[in-house]
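Enquirer:
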Amino acid sequence: MSYTHTLTMTLAADVRVATERRLKSLEADLAKAEQAHIEHTIAARYHKVKLLERQKLLRKTTQVKRQLKGTRKSYPHTNSCSPWLLTSRTQTQREWTHPNIY
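Position one of the sequence shown corresponds to residue 1 (the UniProt record's numbering), numbered consecutively onward.
#1: Measure the alpha-carbon distance for I38 versus A44 and round it to whole angstroms.
#2: Under a Cβ-count criterion, where at least 16 other Cβ atoms within 10 Å of its own Cβ denotes burial, should S88 be classed as buried or exposed?
#3: What separation, rounded to the nearest whole angstrom, lies between the Cα atoms of T19 and Q35?
#4: Quick one: grab the DSSP three-state call for L11.
Here it is in structure tokens:
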């Protein structure tokens with residue numbers, strides 16, 4: 001026998017209605033809690049991915065800086081900055097200031 005069927009057999013009508021309302025309320029609260037847990041899990045995963053992408057960009061930026069420093073020692077008259085370095089800095093700044101939520 002189910003829980004609600006047992007209630008209908010043994011309780012008075014007003015007590016049964018109150019109990020069923022309480023049961024529905026608790027089920028709704030449980031559904032909200034499960035949804036909040038899922039959203040928290042997805043948000044944590046999103047933040048981890050963003051962190052790894054940022055670290056990858058910073059690592060590549062540092063690598064290009066080192067390469068440019070070596071080039072400038074060999075060719076001191078070269079004063080231009082790498083286009084990739086500028087793009088990388090722009091992407092990194094954009095991620096820090098305006099993170100993509102979706």
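Cβ coordinates follow ideal geometry from the N, Cα and C atoms, glycine included.
Expert: So, to answer that:
#1: The residue you call residue 38 lines up with position 38 of the sequence shown. The residue you call residue 44 lines up with position 44 of the sequence shown. If I take the Cα positions, the gap works out to 10 Å.
#2: Position 88 of the sequence shown, counted from the first residue, corresponds to residue 88. It counts as buried.
#3: Here residue 19 is taken as the residue at index 19 of the sequence shown, counted from 1. Here residue 35 is taken as the residue at index 35 of the sequence shown, counted from 1. Spanning the two alpha carbons is a distance of roughly 24 Å.
#4: By 1-based counting over the sequence shown, the position of residue 11 is 11. Three-state result, L11: coil.
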